[in-house]
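K.L.:
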Amino acid sequence: MYIASLDSPSTSHEAALHQAKQACLRIPPLWPLQSFVAVNPFVGLVDRPFEEVAYLISKVTHSSMLMTADHYAKQHADGRITVQDLASAVQQSQPDWTKMQVMNEVRKLIEAVNRPSPADTTFLHSVMDLASQQSTTPWRLTVVEEVSKWCASYFDHGQSSWRMPWQKQPLYLAWKQAASIDANPELLGLTAFRQMVAALPVTSADALAELIDDLDVPEACLCDYFHRLLMTLPGWSSYVQYLVRERTRNGHHEESLVDLLTILLVFESACLKQGGESLKNDFQSQLNAFADAGTHADLKPLLMWQKAMEIGFQRTLCADLVESANLKTESTVVRPALQAVFCIDVRSEVMRRSLESVSEEIQTLGFAGFFGMPIEHVPLGHRKGLSQVPVLLSPKYKVREYLPDATPEQELQELHRLKRNRRLGHAWSAFKNSAVSCFSFVESVGLGYAWQMAKHTFPAVAMKQEEPGSCACKMTLLPNLLEAEPSKQDKGNQTGITLNDQIQLAYDALKNMGLTSNFAPLVLICGHGSHTTNNPYAAGLNCGACGGHAGDANARLAAAILNHAPVRHGLREHGIHIPDDVHFMAAIHNTTTDVITLFDKMEVPRSHQTYLLQTELWLDTASQRCREDRANSLGLGHEEADLLKRLIVNRSQDWSQVRPEWGLAGNAAFIAAPRERTQRLNLKGRVFLHDYSPDADPQKSTLELIMTAPMVVANWINLQYYASTVNNRIWGSGNKVTHNVVGTFGVQQGNGGDLQTGLPLQSVHNGHDWVHEPLRLSVIIEAARSDVFAVLQKHDHVRHLVEHEWLYLFVLEDSGRAIYQYRNQAWELTAS
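Just add 38 to the spot in the sequence shown (first one is 1) and you have my numbering.
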């Protein structure tokens, strides 16, 4: 990391604000619980090499983004990381070295993890950090508690009984008015804090400039210093970043993260004044030491070990792919009896493998789980819907549910019933949670909750299984495909999808999933979701491509469009001919129980009833095999099929179960290729599988789409799991058992502190060992090297991911018999 000389003149106000905004860009967004999705915690730093960011993170956050030396030593002792892997890592780092030099370095690396040297302690400290060291008051923790308490009140979405009176004001101004009358900081020891706050300017930009003058931080250190302050509250900083992101996308000017930074600067200045000259001298001295410090020597061996661990995984996977490509097996099936399109989610790999093992007449495909339907899905009786698209995109259409067999009067009656029930529910909740009535509530109706307690404490008592999904899971509801028209419920805004747009959506979906010919009589569009109980992070187990929601709405819409006769007629003009005997059907895969539920059976024509019955039998068998595959990881062993299903369903309904399923733990690779490249392999639920045939993509538009959308989403997921494993304290959310929901949008540990980010420890650790192996994503695409390179040259953000080693990029050529890796801006043969 380069830091300019400190001998520059005092910081200008414009430069300070610019550096503050640059520091804010380093903070990742944190989605609220209702739509929680995995996020790359380093998304604001991917324009720098992974190694450089590792040094920066170490100095600024006092934490590591690598595993410990003990972990790598154990992996070596267990044979997971071999001497060959270490030698390959060294050779990649030093391509000009001789074999002897490489092996000498390997010996040093082995010694480094078995006898680790003392850690480098040249960290960047805030005033709060230093004040905590010099005082009996833990000022950093105190500020975290004070600001977190205030943020929880300011951002509350209706969980608290009393609303903060300043919620409609900008973040900084609201805090300034509240802090001007709050005596708590003074009681904790910050003399005249209210007077200091009252004297501050009314805008965060002016206040920030004034405070930086007081703190006298040189411009060369400003960005890293601001970064350190924001990482004092990584949770709240990330949530505010999410709000900034959403409001900016909607065309609003938003400076809330600068506001939060300014609030932290106020506490910095107050602590500095409280500490006197001694603290001020220490603060300036450590700034100089930070600027003069080089890279952390103790990180270099760990970086090499991390790469060796990733090389070991790649070596095995590439060898398996080449071996599979060299096996010549030909299917006798001309037309499949069933085609099933699944999400690329790693959990779908297990289900696809299980389903294909049931019959040779079954073909499965992998495609992003929103199935090319960029919609806001509005359940019946609601005005606002759910964004059913990847978080990198925005919904293009608003689609409402409706009652297909109801008259307008009946539908209006049902709407009134839903709204009445919702109002009663809100009133009941207010009575139940009110500070005045909560005690009488328990005394009067508490016994009525006995059944609910028994059902979730002893889930075997109630074996009725709920399936994931929105209101669309109600079989009587369908997505409204009326041509776009003004909606009374949406105050004249357009809802529905025009016929021309339906045709284009259908064409793009079929083309990008590689399904343009040889259709099976029955084609399943299978979304996925999960069903868990008492789990604030439930959305994290749903479909990331659907914005943290179940994929049922997208699957049903896609099936409805593809069954629409005018759409099929329009597709013929685009060169896609769907035979009249083909029926598309929506389904949802419950990843917690591995049960697949079929939707809209009443829409299946009589001619397809035999196919439907056979499909249900196949799905039941595949689900059973999928549960057997996962049983060991859940600690259930080899149980009889019905008992195993009952035990797994019980886990999903048990409100004390902290590990109902493993989500995407173990994810390590992304493969975009024809299914025959991977069909004979057991990928152990570790690989995102996207169907792609370069021959069917002459314009390479699908290749570009894959590399700029699903590949990036998979990288976000991969790095979220990576970060939550290597450092759960900073990028994870700690122990799930002690979580408390705050403001309806996040969780805290216990009754206070920072908002938690990332995944709970129980999502990546089984209590004895890590379940997730932290590896950067290995992407393997069947395409010409020149075509892949062209996409890299066109999209800087994708090129940064590859060239800065946030993921590894390989291509399959010669029908999968040759694998090349893109490294150091060149292609290198890896396996053949």
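Think of the CB as a built atom: it goes at the ideal place given N, C-alpha and C, for glycine as much as any other residue.
Leu-815 by DSSP, collapsed to three states: which one?
P.N.:
Strand.
K.L.:
Output the distance between the C-alpha atoms of Thr-776 and Cys-189, rounded to the nearest integer angstrom.
P.N.:
When rounded, the distance between both Cα atoms is 20 Å.
K.L.:
Taking 7 Å as the threshold (C-beta atoms), are Leu-850 and Arg-814 in contact?
P.N.:
In this structure, Leu-850 does not lie closer than 7 Å to Arg-814 by Cβ.
K.L.:
My assumption, with CB atoms under 8 Å, is that Lys-59 sits in contact with Val-296. Please give the rounded CB distance.
P.N.:
Rounded, the Cβ-Cβ distance is 7 Å, consistent with contact.
K.L.:
Which residue from Leu-839, Lys-206 and Phe-726 puts its Cα closest to that of Ala-406?
P.N.:
Nearest C-alpha to Ala-406: Phe-726.
K.L.:
Once DSSP output is grouped into helix, strand and coil, what is the label at Ser-425?
P.N.:
Of the three classes helix, strand and coil, the one that applies to Ser-425 here is strand, per DSSP.
K.L.:
Tell me the rounded alpha-carbon separation between Gly-589 and Leu-548.
P.N.:
Going by the C-alpha atoms only, they are around 17 Å apart.
K.L.:
Starting from Asp-194, follow the alpha helix (DSSP H) in both directions and report where the run begins and ends.
P.N.:
Looking at the DSSP string, Asp-194 is not in any alpha helix (DSSP H), and its letter there is neither H nor E.
K.L.:
Looking at the strands, I want to know which residues DSSP matches up with Cys-564.
P.N.:
Beta-bridge pairing links Cys-564 to Phe-380 and Ala-625.
K.L.:
Gly-404 lies in the beta strand (DSSP E); which residues open and close that run?
P.N.:
That run of the beta strand (DSSP E) goes 400-404.
K.L.:
From His-612 to Leu-595, what does the alpha carbon distance come to, in whole angstroms?
P.N.:
If you take the alpha carbons of His-612 and Leu-595, they lie about 20 Å apart.
K.L.:
With a threshold of 8 Å on Cβ separation, who are the neighbours of Pro-176 within its own chain once the five nearest residues in sequence on each side are excluded?
P.N.:
These residues qualify, in order along the chain: Ser-170.
K.L.:
Going by the beta-carbon positions, is the gap between Gly-586 and Phe-74 smaller than 7 Å?
P.N.:
Yes.
K.L.:
Does Leu-299 come out as helix, strand or coil in the three-state DSSP assignment?
P.N.:
Looking at Leu-299 - three-state DSSP - the assignment turns out to be helix.
K.L.:
By the 10 Å Cβ neighbour count, where 16 or more other Cβ atoms means buried, how is Asp-729 classified, buried or exposed?
P.N.:
Buried: at least 16 other Cβ atoms inside 10 Å.
K.L.:
Please indicate yes or no: does the CB of Gly-289 lie closer than 6 Å to some heavy atom of the ligand ZN?
P.N.:
Questions concerning the ligand ZN fall outside what the structure shown contains, since it holds no ligand whatsoever.
K.L.:
Under 7 Å between the Cβ atoms of Asn-765 and Ser-275?
P.N.:
Against a cut-off of 7 Å, the Cβ pair of Ser-275 and Asn-765 comes out as no contact.
K.L.:
Go through its chain and collect everything with a Cβ distance to Ala-245's Cβ below 6 Å, but skip five positions before and after it.
P.N.:
So the qualifying residues of the chain are Leu-238, Pro-239 and Thr-300.
K.L.:
Flag this pair as touching only if the region 705-716 and the region 789-801 have three or more C-beta atom pairs under 8 Å; answer yes or no.
P.N.:
Segments in contact, no.
K.L.:
Three-state secondary structure (DSSP) at Ala-221?
P.N.:
In this structure, Ala-221 counts as coil in the three-state DSSP scheme.
K.L.:
Would you call the region 54-72 and the region 270-285 touching, i.e. three or more CB-CB distances under 8 Å?
P.N.:
Verdict: yes, contact present.
K.L.:
Using DSSP with H/G/I as helix, E/B as strand and the rest coil, what is Thr-160?
P.N.:
Of the three classes helix, strand and coil, the one that applies to Thr-160 here is coil, per DSSP.
K.L.:
Return helix, strand or coil for Val-620, following the three-state DSSP convention.
P.N.:
The answer is coil: DSSP assigns Val-620 none of H, G, I, E or B.
K.L.:
Just curious, the alpha helix (DSSP H) that Val-836 is in, first and last residue?
P.N.:
834-841 is the extent of the alpha helix (DSSP H) around Val-836.
K.L.:
Under a CB-based cut-off of 7 Å, is Trp-769 close to chain C?
P.N.:
Given the protein chain composition of this structure (a single chain), no chain C is represented.
K.L.:
Near Ala-593, what residues of its chain come up, given a Cβ to Cβ distance below 8 Å and the 5 sequence neighbours on each side ignored?
P.N.:
Same-chain partners within the cutoff: Phe-409, Ile-563, Cys-564, Gly-565, Ala-624, Ala-625, Ile-626 and Phe-637.
K.L.:
How long is the line joining the alpha carbons of Gln-426 and Asp-320, rounded to whole angstroms?
P.N.:
The straight-line gap from Cα to Cα measures roughly 52 Å.
K.L.:
Using the Cα positions of Lys-512 and Thr-554, report the straight-line distance between them to the nearest angstrom.
P.N.:
With a pLDDT of only 42 at Lys-512, under the threshold of 50, the placement of this residue in the model should not be trusted; the figure read from the coordinates follows. Going by the C-alpha atoms only, they are around 31 Å apart.
K.L.:
Which whole-angstrom value describes the C-beta separation of Glu-439 and Leu-424, a residue pair presumed to lie in contact below a C-beta threshold of 8 Å?
P.N.:
Not confirmed; about 11 Å, so no contact.
K.L.:
Please state whether DSSP places Ala-864 in a helix, a strand or coil.
P.N.:
Correct three-state label for Ala-864: strand.
K.L.:
What does the Cβ neighbour count give for Glu-398, buried or exposed, with the cut at 16 atoms within 10 Å?
P.N.:
By the 10 Å Cβ count, Glu-398 comes out exposed.
K.L.:
With H, G and I counted as helix, E and B as strand and the rest as coil, what does DSSP make of Ala-58?
P.N.:
Three-state result, Ala-58: helix.
K.L.:
In its own chain, which residues sit with a C-beta less than 6 Å from the C-beta of Tyr-40, not counting the 5 before and 5 after it?
P.N.:
For Tyr-40, the predicted model reports a pLDDT of 32, less than 50, meaning its position is unreliable; a value from the coordinates is still stated below. Excluding residues within five positions, none has a Cβ falling inside 6 Å.
K.L.:
By Cβ distance, which residues of its chain are closer than 6 Å to Pro-79, with the 5 residues on each side in sequence left out?
P.N.:
Correct list, in chain order: Pro-66, Ala-761 and Trp-769.
K.L.:
Taking the DSSP output, what are the residues bridged to His-587?
P.N.:
Cys-581, per the DSSP bridge assignment.
K.L.:
What is the DSSP secondary structure of Thr-536, counted as helix, strand or coil?
P.N.:
In this structure, Thr-536 counts as coil in the three-state DSSP scheme.
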